[in-house]
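Residue 190 in the numbering used here sits at position 154 of the sequence shown, and the numbers go up by one each step.
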Amino acid sequence: MSKHKMVNGKLLQMNKSYGQLKNKQKSKIAEWMYQAYKKQVNEGISDEEAMSLVLDKINEAQIWVPDYEVEKKYNGSKNKFKRRLASENIPQHIYQMEALLDKATARLDVLEAKIEEYKELQSDIKRLEEYYTSQQWKDDFAMDEKGTFPERLKRGVLSEDGIYNLLERNKEMMDWINTGSED
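Rendered as structure tokens:
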């Protein structure tokens, strides 16, 4: 028996398996199968009616593949079609809200880590406060006022307001953190 048939002046192979089809043909058939599956789910048509829709499209496109190959592929693809259909029915706002949740969670994780780092810094801030209230700071301040230190020296700790302002901000921040953790 010949594997070819003359149709409309073209010699066509008759006994191709589904796997031997060109990728473009497989893509078309897969989309027709999916559309038939959607119709089957949404309108309640039978497997036979769905297959008939697919086979009609295949015949119209003059793609030659045995019906049983198409039916086997259709039945094997139903789970994939089911997942695809389910994902198409998910409202876009769910994806948007999921992205917001992920973003907020990531930011809160970073914030919590920074708050912990800030709490660990309190022992250093305490040392700074002890220095600021010590005779050593008063002596260093007086020496700076006399011009003992070089001009290029950074003088944040030698200013009257630098440490004081930091200590006040720190107190406010720690009050805010501690008030929030009590709730």
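Backbone N, C-alpha and C define an ideal beta-carbon position, used for all residues, glycine too. It should be emphasised that the depicted structure is a prediction, and the values quoted were computed from it without experimental measurement.
Straight-line gap, S195 to L147 (C-alpha atoms, nearest Å): 31 angstroms
Does M55 come out as helix, strand or coil in the three-state DSSP assignment? Going by the sequence as given, residue 55 is Gly instead of Met. It is helical.
Spatial distance of Q171 from L202 (CA atoms): 19 angstroms
Distance, D83 Cα to M37 Cα: Because the pLDDT of M37 is 44, which lies under 50, any placement of that residue in the model is unreliable, and the number read from its coordinates should be weighed accordingly. Computed Cα separation, rounded: 32 angstroms.
Beta carbon of I199, beta carbon of L164: below 9 angstroms? yes
Cut-off 7 angstroms between Cβ atoms - residues of its own chain near M179, not counting five sequence neighbours on either side: F185
For F177, collect the residues of the same chain with a Cβ closer than 8 angstroms to its Cβ; drop the 5 residues on either side in sequence, then sort them by chain order. L194 and E196
On the criterion of 16 or more Cβ atoms from any shown chain inside 10 Å, does Q132 qualify as buried, or is it exposed? exposed
Which one of E181, K114 and S123 has the shortest CA to CA distance from A72? K114
Coil, strand or helix - I126 by DSSP: coil
Among residues of its own chain, excluding the 5 on either side of G55, which ones have a beta-carbon nearer than 6 angstroms to its beta-carbon? none
What residue from V90, Q98, N125 and A97 has the CA that sits closest to K108's CA? V90
According to DSSP, simplified to helix, strand and coil, what is I99? coil
Got a sec? Which residues, its chain only, sit under 6 angstroms from H129 by beta carbon, not counting five neighbours each side? none
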